[in-house]
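Enquirer: For the sequence shown, the positions run 2 to 320 when the working numbering is used. Glycine included, each C-beta is placed from N, C-alpha and C at the ideal position. Quick one: this structure, given as structure tokens, is what I'll be asking you about.
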Amino acid sequence: RRRLHLAWHQGARLRGLRLRDTRSVDPSLWLMNSMPSLLVREQAILLNLGSLRAIAMHERVLIFNYNSPGGKVFLELLRPRLNPRNINGGPAMPFQLEVVEAALLSRIQRLERRLMHVEPRVAALLEVLPNRLTGDVLEQLRLSKQSLVELGSRAGDLKQMLIDLLEDPHEIRRICIMGRNCTLDKVSDDMECAVPLEKQVAEEEEEEIEMLLENYLQRCESCHGQAERLLDSAREMEDSIAVNLSSRRLEVSRVELLLQVGTFCVAVGALIAGIFGMNLKSYLENNTWAFWATTGGIAVGAVAGFFIMYKYLKDRKIL
């Protein structure tokens, strides 16, 4: 292990890398470097796009975990670009730019495919809800919302990385002079090349890189915006479901309150009946009309008490 560490240290120094630079692409430090990043060094570009982590140099690329989903998609997109027959007669882009474009394209395509998978599912749920409130439908809504949150977060992080890169022309120029006999003036940040033609080509590549980054930024913004819109729709549907459930709970509470009022009135009548049921003489048992009068009075009193309580609750806006 020590020999491998020394060999890597020497190779990294020859490529203008420091060991702390590799922390941004080290898969074992995924908790510390989960944010997308593109670091430009003297002879290498360090790419961290989630499951794709690579170091692009002038003539080669080192891929960490090439069997990961991001690594497989990246290799599928990069290989055709290295075939001269696919250039269609145009000038070939530098290898490191091909690597950067293939990496960005693979990442954007994965986000777009995930969005295309989630979007119809969310649209179907929005059509069903809130009329069909079942456990399965609500669980699907929760999972779809979770997927949209994750998708929006990843697209937003990639979007911010592209914005930061476009706002830093120094980094773009460092990419352009990679592999060339050129330097950047520390004061004015202008290119100084030994061969004037190389400076012209580097300036053309700078414009091409800016256009490339702007193109992928637009696609990333579109993906991020659509994910945010779907997420807002899902949240609005959750709010609508919450209002619907609150309305149902309110109706149930009203029915329960009415039943409690009715039970109270009937209980008062039962109390009167219980009093007359005691084995004590009241001299009413000798009258034939006393039973019907008492029964009628209890019934009328219970009904009247119910309506009096109902009107009181209505006036107080409890019902």
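Does the distance from the C-beta atom of Ile299 to that of Gly270 stay below 8 Å?
Expert: Cβ distance < 8 Å, so Ile299 and Gly270 count as in contact.
Enquirer: For the alpha helix (DSSP H) holding Arg236, just list the boundary residues, first then last.
Expert: Arg236 -> alpha helix (DSSP H) spans Pro197 to Phe277.
Enquirer: Could you tell me which residues DSSP pairs with Glu77 in its beta bridges?
Expert: Partner(s): none; Glu77 has no beta bridge.
Enquirer: If we define contact as Cβ-Cβ less than 8 Å, is Val74 a contact residue for chain B?
Expert: The structure shown has no chain B; it contains just one protein chain.
Enquirer: Assuming Leu105 contacts Lys160 (C-beta within less than 8 Å), just tell me the rounded distance between them.
Expert: That belief does not hold up - the Cβ atoms of Leu105 and Lys160 are roughly 12 Å apart, past 8 Å.
Enquirer: Whole angstroms are fine: how far does the CA of Arg54 sit from the CA of Pro37?
Expert: So the two alpha carbons sit approximately 10 Å from each other.
Enquirer: May I ask you to verify whether the region 68-82 touches the region 205-216, counting CB pairs closer than 8 Å and requiring at least 3?
Expert: The region 68-82, when compared against the region 205-216, does not touch it at the 8 Å Cβ threshold.
Enquirer: Can you tell me the Cβ-Cβ gap for Val129 and Val123, rounded? I've got them flagged as a contact below 8 Å.
Expert: No, Val129 and Val123 are not in contact; Cβ-Cβ is about 11 Å, not under 8 Å.
Enquirer: What distance in whole Å lies between the Cβ atoms of Ala103 and Arg133, which are believed to be in contact at a cut-off of 8 Å?
Expert: Not a contact, Cβ separation roughly 44 Å.
Enquirer: Rounding to the nearest angstrom, what Cα-Cα distance links Val41 and Glu172 in this structure?
Expert: C-alpha separation (whole angstroms): 6 Å.
Enquirer: Which value, in whole angstroms, describes the spacing of the CA atoms of Leu152 and Asp169?
Expert: Their backbone Cα atoms lie some 26 Å apart in a straight line.
Enquirer: Using the Cα positions of Asp191 and Ile56, report the straight-line distance between them to the nearest angstrom.
Expert: Taking the straight line joining both Cα atoms gives about 26 Å.
Enquirer: Tell me Ser38's beta-bridge partners as DSSP assigns them.
Expert: Note: Ser38 sits in a beta bridge opposite Asn49.
Enquirer: Does the beta-carbon distance from Pro131 to Ser241 come in below 8 Å?
Expert: Contact: yes.
Enquirer: Go ahead and pull the three-state DSSP assignment for Leu130.
Expert: Here Leu130 sits in coil by DSSP.
Enquirer: Skipping 5 residues on each side, what residues in its chain have a beta carbon closer than 7 Å to that of Leu213?
Expert: If we look at Leu213 and ignore the five residues flanking it on each side, its Cβ neighbours are Glu102.
Enquirer: For a test of the three-state rule: what should DSSP assign to Pro54, helix, strand or coil?
Expert: The amino acid at residue 54 is misidentified as Pro; the sequence shows Arg. Arg54: strand per DSSP, three-state reduction.
Enquirer: Can you check whether the CB of Ser145 is closer than 8 Å to the CB of Leu116?
Expert: In this structure, Ser145 does not lie closer than 8 Å to Leu116 by Cβ.
Enquirer: Just mark Asn49 as buried or exposed, buried being the case when its beta carbon has 16 or more other beta carbons within 10 Å.
Expert: Burial call: buried.
Enquirer: At the level of alpha carbons, what is the spacing between Leu198 and Arg181?
Expert: Leu198 and Arg181: Cα-Cα distance of roughly 11 Å.
Enquirer: Give me the residue from Ile46, Ser69 and Val301 with the minimum Cα distance to Phe96.
Expert: Residue Ile46 is the option with its Cα nearest to Phe96.
Enquirer: What are the boundary residues of the alpha helix (DSSP H) that includes Val62?
Expert: From DSSP, Val62 is part of no alpha helix (DSSP H) but of the beta strand (DSSP E) over Val62 to Phe65.
Enquirer: Would you identify the three-state DSSP class for Glu43, choosing helix, strand or coil?
Expert: Of the three classes helix, strand and coil, the one that applies to Glu43 here is coil, per DSSP.
Enquirer: What do you reckon, are the CB atoms on Val119 and Ser148 nearer than 8 Å?
Expert: Yes.
Enquirer: Count the other CB atoms, across all protein chains shown, that sit within 10 Å of the CB of Leu98; report buried if there are 16 or more and exposed otherwise.
Expert: Looking at its Cβ environment, which holds 16 or more other Cβ atoms inside 10 Å, Leu98 is buried.
Enquirer: What is the rounded straight-line gap between the Cα of Arg143 and the Cα of Arg249?
Expert: Approximately 21 Å, taken between the alpha carbons.
Enquirer: With distances taken between CB atoms, is the gap from Arg220 to Ile64 smaller than 8 Å?
Expert: Result no, Cβ atoms of Arg220 and Ile64 do not sit closer than 8 Å.
Enquirer: Would you call Arg174 buried or exposed, if buried means 16 or more other Cβ atoms sit within 10 Å of its Cβ?
Expert: The residue in question, Arg174, is buried, as its Cβ has 16 or more Cβ neighbours within 10 Å.
Enquirer: Compare the Cα-Cα distances from Val256 to each of Asn287, Leu314 and Leu231 and report the closest residue.
Expert: That would be Leu314, whose Cα lies nearest to the Cα of Val256.
Enquirer: Whole angstroms are fine: how far does the CA of Leu78 sit from the CA of Ile88?
Expert: Legend: pLDDT at Ile88 = 48, less than 50; position of this residue unreliable, no value from coordinates given.
Enquirer: For Ala203, which residues of its own chain have a beta-carbon under 8 Å away from its beta-carbon, when the five flanking residues on both sides are left out?
Expert: Here the set comprises Arg174, Cys177, Ile178, Arg181, Cys183, Met192 and Cys194.
Enquirer: Identify, in the order they occur along the chain, each residue of the same chain with its Cβ nearer than 8 Å to the Cβ of Met310, setting aside the five sequence neighbours on each side.
Expert: The answer, listed in chain order, is Val262, Phe265 and Cys266.
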